[in-house]
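In what follows, a structure is listed as structure tokens, so that the remarks can point back to it.
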Amino acid sequence: MVSGFFVANFTRFGTEFHKTIEDMSPIVFLAFFTLVGAELELEVLRTAWLVALILLLVRLAGIFLGSFVGGTVSGDPIRQNAILGMTFITQAGVSIGLAKEIGVEFSPWGNELATLSIGVIVINQIIGPPLFKWAINLIGEAHPRAETPVFDGVRDAYIFGLESQSVALARQLKAHDWEAIVVTRDPDRMNRTRK
8 MVSGFFVANF
18 TRFGTEFHKT
28 IEDMSPIVFL
38 AFFTLVGAEL
48 ELEVLRTAWL
58 VALILLLVRL
68 AGIFLGSFVG
78 GTVSGDPIRQ
88 NAILGMTFIT
98 QAGVSIGLAK
108 EIGVEFSPWG
118 NELATLSIGV
128 IVINQIIGPP
138 LFKWAINLIG
148 EAHPRAETPV
158 FDGVRDAYIF
168 GLESQSVALA
178 RQLKAHDWEA
188 IVVTRDPDRM
198 NRTRK
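Residue numbers for the sequence shown follow this note's numbering, so the first one is 8 and each next one is one higher.
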């Protein structure tokens with residue numbers, strides 16, 4: 008994370024770095040999730056499903072209690088606080104990585120705990136998104152999707168701030184058939200640059 012932050016913010020290679028990471032991510036995700044799936048021990052889940060269910064219920068109780076108390080303390084409406092917990096159920100990514108690490112670091116019982124954790128994560132992934140959508144609809148925050156405007160064939164870009172980089176970017180975009188508009192709050196400076 009630190010190296011990504013550094014490259015993106017303090018070097019001139021931020022864009023290239025981001026593109027490289029984006030291009031590589033499907034391969035990394037495929038390998039990671041395949042490895043996690045290959046190490047799941049279904050026999051452990053079959054024999055310890057009750058423990059997985061208890062872990063799930065304890066997690067859900069903590070989420071609902073924490074979000075209700077947090078919402079109440081911050082002054083949110085009670086109806087909203089009662090529903091808020093449904094929006095935090097979904098989990099994956101880091102949790103799966105941590106479960107995998109438990110399996111590696113705490114052998115021999117670590118694999119069993121990792122399998123239970125991943126089982127709970129899978130259940131959360133199944134029930135989380137529908138409950139999230141239901142909560143958004145219940146609270147009245149769901150809105151119809153906006154109409155997508157018809158593309159007129161011209162790509163528009165507004166660049167805020169009149170600096171040498173802004174002007175260079177506008178020229179580069181115009182060279183690639185973009186309609187680039189530099190926006191500034193200083194009309195005198197804008198008039199001087201047009202001359």
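For each residue, glycine too, the CB sits at the ideal point set by N, CA and C. Source: prediction; values computed, not measured.
Residue ranges of each beta strand (DSSP E) run of no fewer than 3 residues wholly in the segment 149 to 188, ordered along the chain? 162 to 167
C-alpha gap between Phe-95 and Phe-158, whole angstroms: For this step, residue 95 is matched to residue 88 along the sequence shown. For this step, residue 158 is matched to residue 151 along the sequence shown. In a straight line, the C-alpha of Phe-95 is about 37 angstroms away from that of Phe-158.
By how many angstroms is the C-alpha of Ile-134 removed from the C-alpha of Thr-5? With the chain covering 8 to 202 only, the question about residue 5 has no answer from this structure.
Could you pull out every residue in the same chain whose Cβ sits closer than 6 angstroms to the Cβ of Thr-79, ignoring the five residues on either side in sequence? Translated into positions along the sequence shown, residue 79 becomes position 72. The beta carbon of Thr-79 lies closer than 6 angstroms to those of Asn-88 in the same chain, with the five residues before and after it left out.
Could you pull out every residue in the same chain whose Cβ sits closer than 6 angstroms to the Cβ of Ile-143, ignoring the five residues on either side in sequence? Taking the first residue of the sequence shown as 1, we reach residue 143 at position 136. Only Ala-149 meet the Cβ criterion.
Start and end of the alpha helix (DSSP H) containing Leu-42? For the purposes of this step, residue 42 is taken as the residue at position 35 of the sequence shown. For Leu-42, the enclosing alpha helix (DSSP H) begins and ends at 21 to 45.
To the nearest angstrom, how far is the alpha carbon of Thr-200 from that of Gly-160? Position 193 of the sequence shown, counted from the first residue, corresponds to residue 200. Position 153 of the sequence shown, counted from the first residue, corresponds to residue 160. In this prediction, Thr-200 scores a pLDDT of 49, lower than 50, which makes its location untrustworthy; no coordinate-derived value is stated.
Are the CB atoms of Gly-92 and Ile-70 within a distance shorter than 8 angstroms? The sequence position of residue 70 within the sequence shown is 63, counting from 1. The sequence position of residue 92 within the sequence shown is 85, counting from 1. Yes, these two residues count as a Cβ contact at 8 angstroms.
State the Cα-Cα distance for the pair Asp-193 and Gln-179, rounded to the nearest angstrom. In the sequence shown, residue 193 corresponds to position 186, counting from 1. In the sequence shown, residue 179 corresponds to position 172, counting from 1. Taking the straight line from one Cα to the other gives about 23 angstroms.
Let me confirm a value: Val-244 is counted as buried when at least 16 other C-beta atoms fall within 10 Å, else exposed. Which label applies? Only positions 8 to 202 of the chain appear in the structure, and residue 244 is not among them; the question remains open.
Hey, Ile-103 and Ile-130: beta-carbon distance below 8 angstroms or not? Reading the sequence shown from its first residue, position 96 is the one you call residue 103. Reading the sequence shown from its first residue, position 123 is the one you call residue 130. Going by C-beta atoms, Ile-103 is not nearer than 8 angstroms to Ile-130.
Anticipated Cβ contact below 8 angstroms, Ala-15 with Phe-24, distance rounded: By 1-based counting over the sequence shown, the position of residue 15 is 8. By 1-based counting over the sequence shown, the position of residue 24 is 17. About 6 angstroms; that satisfies the 8 angstroms criterion.
Does the distance from the C-beta atom of Gly-110 to that of Glu-50 stay below 8 angstroms? For this step, residue 110 is matched to residue 103 along the sequence shown. For this step, residue 50 is matched to residue 43 along the sequence shown. Cβ distance not < 8 angstroms, so Gly-110 and Glu-50 don't count as in contact.
Just checking my contact of Leu-176 with Thr-191 at CB under 8 angstroms: how many whole Å lie between their CB atoms? The residue given as residue 176 occupies position 169 in the sequence shown. The residue given as residue 191 occupies position 184 in the sequence shown. In fact, because the Cβ distance is near 14 angstroms, the residues do not count as touching under 8 angstroms.
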